[in-house]
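Going by this note's numbering, the letters in the sequence shown line up with residues 225 to 554, in that order.
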Amino acid sequence: MIKRTYPQSRLRRTRSKGFLRDLVAENHLSTNDLIQPIFIADQSELKVEIPSMPGIFRHNLESLYVETEELVKKGIKSVAIFPAIDSNKKDQKGSHAFDENNIVCMALRGLADKFPDVIKIADVALDPFTDHGHDGVLLDGKVDNDQTLELLKDQALLLAQSGADVLAPSDMMDGRVRLIRDTLESNRFVDTVILSYAAKYASSFYGPFREAVGSSANLGNASKKTYQMNFTNLDEALHETAMDIEEGADIVMVKPGTAYLDVVHAIKSEFQIPTFVYQVSGEYSMLKLSIEKGWLDKDVMLESLLCCKRAGADAILTYAAKQIASELNS
Ligand code: PBG
């Protein structure tokens with residue numbers, strides 16, 4: 225590091241005017257970096273606001289297409305679809321996940337038809353479909369890794385067949401990336417991207433999401449700590465990521481975002497592979513609510529996303545994508 229002395233160096237010089245600050249800015253955020261998660265449901269209303277996520281809605285299919293059109297106009301070209309499933313369609317195995325006419329598959333087919341260029345990301349995990357709210361199946365009261373793998377494999381193939389460009393396993397079972405990759409290869413889905421939730425922590429920041437997809441009631445007091453990572457750990461995140469890359473992941477992801485940027489930085493530095501971060505529901509809601517109350521300036525949202533870029537994230541899943549795109553365009 226060069227030794228900088230005063231007043232030969234006045235670091236305030238390059239901060240003195242807005243355009244200068246822009247010229248020396250080290251990181252940038254554009255709509256190319258943003259992915260909009262969208263909740264969908266089989267409902268008669270076009271869209272229903274999620275109480276714990278101001279400004280975020282559950283859409284029916286008609287409204288999903290309107291929303292996607294608006295996103296594309298604002299320059300957001302990637303969406304991640306999450307379904308809220310009727311409770312009478314949930315069971316212990318998540319059987320409805322394998323029905324090609326479930327709402328996710330219908331949405332993917334509709335989007336593929338209407339928006340062929342939009343990147344359609346589909347979550348691979350059973351929690352929207354199970355009556356116990358876990359991401360896998362239970363055996364003797366425990367989430368069974370290897371039985372779950374067999375189901376995730378079928379779910380992944382169906383999602384690819386329905387038009388998903390990117391499969392995002394968020395279940396945190398061991399070995400799932402390899403099995404999904406092998407399944408895609410043997411069914412000639414050679415260009416389907418795997419975006420693995422490589423370092424996904426057991427976090428309380430997911431609360432509003434679980435309300436949005438309706439899994440919180442099913443899950444009750446149960447936790448996901450036997451499969452999602454312990455938030456004390458960083459080395460383990462590197463091990464998880466190394467394994468997922470070896471097993472065939474094209475892109476890896478860290479989740480949650482803001483409180484886990486050391487993990488993003490470590491992974492990006494170690495592997496130099498496309499690395500995404502998920503600014504999750506709880507993070508969004510905390511900021512959004514404070515902005516609505518006037519407790520925080522609205523710029524806090526952009527700041528939180530730029531900090532993700534500074535940490536090394538190549539792209540960010542954020543519920544604020546659409547709102548931020550409007551600001552970036554103005
Ligand atoms: C489920 C899944 C979760 C999220 C994405 N996929 C919740 C969970 O693991 O319980 C969280 C996203 C968010 O909080 O915004 N497999």
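Idealized CB from N, CA, C, for every residue including glycine.
| query | Looking only at its own chain, which residues have a Cβ that is under 6 Å from the Cβ of Ser427, when we skip the five neighbours before and after it? | reply | Around Ser427: Pro480.
| By how many angstroms is the C-alpha of Asn312 removed from the C-alpha of Tyr421? | Taking the straight line from one Cα to the other gives about 29 Å.
| Option nearest Lys317 by Cα separation, candidates Pro352, Glu293 and Gln267 | Ranking the options by Cα distance to Lys317, first place goes to Pro352.
| request: Could you tell me the distance, in whole angstroms, from the CA atom of Ala388 to the CA atom of Met330? | output: Each residue's Cα considered, the two are about 11 Å apart.
| field | When Asp398, Leu288, His358 and Val367 are compared against Arg333, the one with the closest alpha-carbon | value | Ranked by Cα distance from Arg333, the options Asp398, Leu288, His358 and Val367 are led by Leu288.
| For Val437, three-class secondary structure by DSSP | Coil, per DSSP.
| query | Which two residues bound the contiguous beta strand (DSSP E) that contains His283? | reply | First-last of the beta strand (DSSP E) with His283: Phe281 to His283.
| request: Would you mind listing the alpha helix (DSSP H) stretches within the region 284-331 that are 4+ residues and don't spill past its ends, in chain order? | output: For secondary structure counted as the alpha helix (DSSP H) over 4 or more consecutive residues, the region 284-331 holds these complete runs in sequence order: 285-297.
| request: With DSSP as the reference, please indicate the residues paired to Glu273 in a beta bridge. | output: Phe281, per the DSSP bridge assignment.
| Closer than 7 Å: is that where the CB of Arg434 sits relative to any heavy atom of ligand 1? | Yes - ligand 1 has a heavy atom lying nearer than 7 Å to the Cβ of Arg434.
| said: On the CB-based measure, 16 or more other CB atoms within 10 Å of its CB, does Met277 come out buried or exposed? | reply: Counting every other CB atom within 10 Å of its CB across the protein chains shown gives Met277 a total of 16 or more, marking it as buried.
| query | How many whole angstroms separate the CB atoms of Leu253 and Leu530, which I take to be in contact at a CB cut-off of 8 Å? | reply | With a Cβ gap of about 5 Å, Leu253 and Leu530 count as contacting.
| Over what stretch of residues does the beta strand (DSSP E) that includes Tyr421 continue unbroken? | Note, Tyr421: beta strand (DSSP E), Val417 to Lys424.
| query | Residue ranges of each beta strand (DSSP E) run of no fewer than 3 residues wholly in the region 342-420, ordered along the chain? | reply | Entirely contained in the region 342-420, the beta strand (DSSP E) runs reaching 3 residues are, in chain order, 343-348 and 390-393.
| field | Range of the contiguous alpha helix (DSSP H) that encloses Gln547 | value | That run of the alpha helix (DSSP H) goes Ala545 to Asn553.
| request: Kindly examine ligand 1 and report whether one of its heavy atoms sits closer than 7 Å to the Cβ of Phe263. | output: Incorrect: Phe263 has no Cβ contact closer than 7 Å to ligand 1.
| task | Within the same chain, show all residues whose beta-carbon is closer than 7 Å to that of Glu551, passing over the 5 residues directly before and after it, in chain order. | result | Same-chain partners within the cutoff: Leu526.
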